[in-house]
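Asks: The structure's right below; bear with me while I get my questions together.
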Amino acid sequence: MTLSARLPGVRPVLAMDNLRTLAEMAGSKPEYFGLGFIQLKVSRDERIHFYTKDIDPILDDEEIHNHRYNFTSTVLKGQLTNVVYYWKEVEDSDWELAEVSCTPNDSREPRILLPNVEKVELATFHTPAGSSYSVTDSMFHQVRWNGDLVTRLHRGPLLEEFAKVIRNKKEPYVCPFSTPMGEAKAWEWIEKITTSGTTRLPEIVY
Numbered sequence: 012m013t014l015s016a017r018l019p020g021v022r023p024v025l026a027m028d029n030l031r032t033l034a035e036m037a038g039s040k041p042e043y044f045g046l047g048f049i050q051l052k053v054s055r056d057e058r059i060h061f062y063t064k065d066i067d068p069i070l071d072d073e074e075i076h077n078h079r080y081n082f083t084s085t086v087l088k089g090q091l092t093n094v095v096y097y098w099k100e101v102e103d104s105d106w107e108l109a110e111v112s113c114t115p116n117d118s119r120e121p122r123i124l125l126p127n128v129e130k131v132e133l134a135t136f137h138t139p140a141g142s143s144y145s146v147t148d149s150m151f152h153q154v155r156w157n158g159d160l161v162t163r164l165h166r167g168p169l170l171e172e173f174a175k176v177i178r179n180k181k182e183p184y185v186c187p188f189s190t191p192m193g194e195a196k197a198w199e200w201i202e203k204i205t206t207s208g209t210t211r212l213p214e215i216v217y
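Under this note's numbering, read the sequence shown as residues 12 to 217, first letter to last.
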């Protein structure tokens, strides 16, 4: 059953009462990813991500990574930039390809798959509010943004047990979940992000 079927009628998706209702129905609470965004799971396959530059990130830049599933993301507020990469194996490099598991209950060290790779920037594309983009599990990317940003992500079935990253092997590994944020604080940030001055689309609904 879709969220729109469970919540009949037109309601702005970014209204705080709507977000809290969706979280309650999904049995979830907001979780802080140490890359500068908060994730709110609103169903098994859908999440809303709230990005801001006002939270000090645990990591300055997210590592180039893929995902364990295919997904489509719609920008509800702000603009998101994706930088897409590919890698190739080389004899010597500062970069490695690693398999990672970083969740609130599992922050094990990366497993090195290839000790020397070269990262190559393939493309950059911008997604403004009201537009969507899709990512496959084999795509490696980084996301960038300015100002406050909100996206709605719909994921497909799980295809891999672990995600992969292209990481600088001279840098220590830091799990973004290593500094958790309390639930009440996360909700405060969600309200700040959704009500800030950046243009948003109030009629997008579930």
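Quick reminder that beta carbons are idealized off the backbone N, C-alpha and C, glycines included.
Less than 8 angstroms separating the beta-carbons of Ile-201 and Pro-41?
Replies: Here residue 201 refers to the residue found at position 190 when the sequence shown is read from its first residue. Here residue 41 refers to the residue found at position 30 when the sequence shown is read from its first residue. Contact: yes.
Asks: Let me know the secondary structure DSSP gives Asn-206 once reduced to three states.
Replies: For the purposes of this step, residue 206 is identified with residue 195 of the sequence shown, where counting begins at 1. The sequence given here has Thr at residue 206, not Asn. DSSP places Thr-206 in helix when its eight states are reduced to three.
Asks: Go through its chain and collect everything with a Cβ distance to Leu-70's Cβ below 7 angstroms, but skip five positions before and after it.
Replies: Residue 70 sits at position 59 when you count from the first residue of the sequence shown. Around Leu-70: Gly-45, Leu-46, Val-185, Pro-187.
Asks: On the DSSP bridge list, what partners appear for Ala-134?
Replies: What you label residue 134 is simply residue 123 of the sequence shown in a count that begins at 1. In DSSP, Ala-134 forms a bridge with Val-95.
Asks: Measure the alpha-carbon distance for His-76 versus Glu-110 and round it to whole angstroms.
Replies: Residue 76 sits at position 65 when you count from the first residue of the sequence shown. Residue 110 sits at position 99 when you count from the first residue of the sequence shown. Between His-76 and Glu-110, the C-alpha separation is close to 10 angstroms.
Asks: Is Arg-58 near the ligand COA, in the sense that its beta carbon is under 7 angstroms from a heavy atom of that ligand?
Replies: Of ligands this structure carries none, so the ligand COA is not represented either.
Asks: So who's on the other strand from Leu-160, going by DSSP bridges?
Replies: Position 149 of the sequence shown, counted from the first residue, corresponds to residue 160. Paired residues: Tyr-62.
Asks: Buried or exposed: Ala-197, going by 16 or more other Cβ atoms within 10 Å of its Cβ?
Replies: Taking the first residue of the sequence shown as position 1, residue 197 is located at position 186. Buried.
Asks: Excluding the 5 residues flanking Arg-122 on each side, which residues of the same chain have their C-beta closer than 7 angstroms to its C-beta?
Replies: Start at 1 with the first residue of the sequence shown, and residue 122 comes out as number 111. Around Arg-122: Ala-109, Glu-110.
Asks: Using DSSP with H/G/I as helix, E/B as strand and the rest coil, what is Ala-34?
Replies: In the sequence shown, the residue the question calls residue 34 occupies position 23. In the structure shown, Ala-34 sits in a helix (DSSP, three-state: H, G or I).
Asks: Answer yes or no: do Asn-127 and Asp-103 have a C-beta to C-beta separation smaller than 8 angstroms?
Replies: Your numbering for residue 127 matches position 116 in the sequence shown. Your numbering for residue 103 matches position 92 in the sequence shown. Yes; because the gap between Cβ atoms is below 8 angstroms, this pair is in contact.
Asks: Between the alpha carbons of Asn-29 and Val-53, how many angstroms are there, rounded?
Replies: Looking up residue 29 in the sequence shown gives position 18. Looking up residue 53 in the sequence shown gives position 42. Spanning the two alpha carbons is a distance of roughly 11 angstroms.
Asks: Would you kindly report the start and end of the unbroken beta strand (DSSP E) that includes Lys-175?
Replies: On the sequence shown, residue 175 is found 164 positions in, with the first residue counted as 1. Element bounds for Lys-175: 174-179.
Asks: Quick check: the Cα distance between Ala-174 and Tyr-96, rounded to an integer number of angstroms?
Replies: Taking the first residue of the sequence shown as 1, we reach residue 174 at position 163. Taking the first residue of the sequence shown as 1, we reach residue 96 at position 85. Ala-174 and Tyr-96: Cα-Cα distance of roughly 15 angstroms.
Asks: Tell me whether His-60 is buried or exposed, calling it buried when 16 or more other Cβ atoms sit within 10 Å of its Cβ.
Replies: For the purposes of this step, residue 60 is taken as residue 49 along the sequence shown, with counting starting at 1. That one is buried.
Asks: Measure the alpha-carbon distance for Ser-142 versus Val-86 and round it to whole angstroms.
Replies: As a first step, residue 142 is located in the sequence shown; it is residue number 131 there, counting from the start. As a first step, residue 86 is located in the sequence shown; it is residue number 75 there, counting from the start. Straight-line Cα distance between these residues: approximately 6 angstroms.
Asks: Tell me the rounded alpha-carbon separation between Asn-157 and Pro-68.
Replies: Reading the sequence shown from its first residue, position 146 is the one you call residue 157. Reading the sequence shown from its first residue, position 57 is the one you call residue 68. Taking the straight line from one Cα to the other gives about 14 angstroms.
Asks: If you drop the 5 nearest sequence neighbours on each side, which residues of the same chain put their C-beta closer than 8 angstroms to that of Arg-58?
Replies: Locating residue 58 in the sequence shown gives position 47, where the first residue counts as 1. Closer than 8 angstroms at the Cβ level, and outside the excluded window around Arg-58, lie Gln-50, Leu-51, Lys-52, Arg-163, Leu-164, Arg-166.
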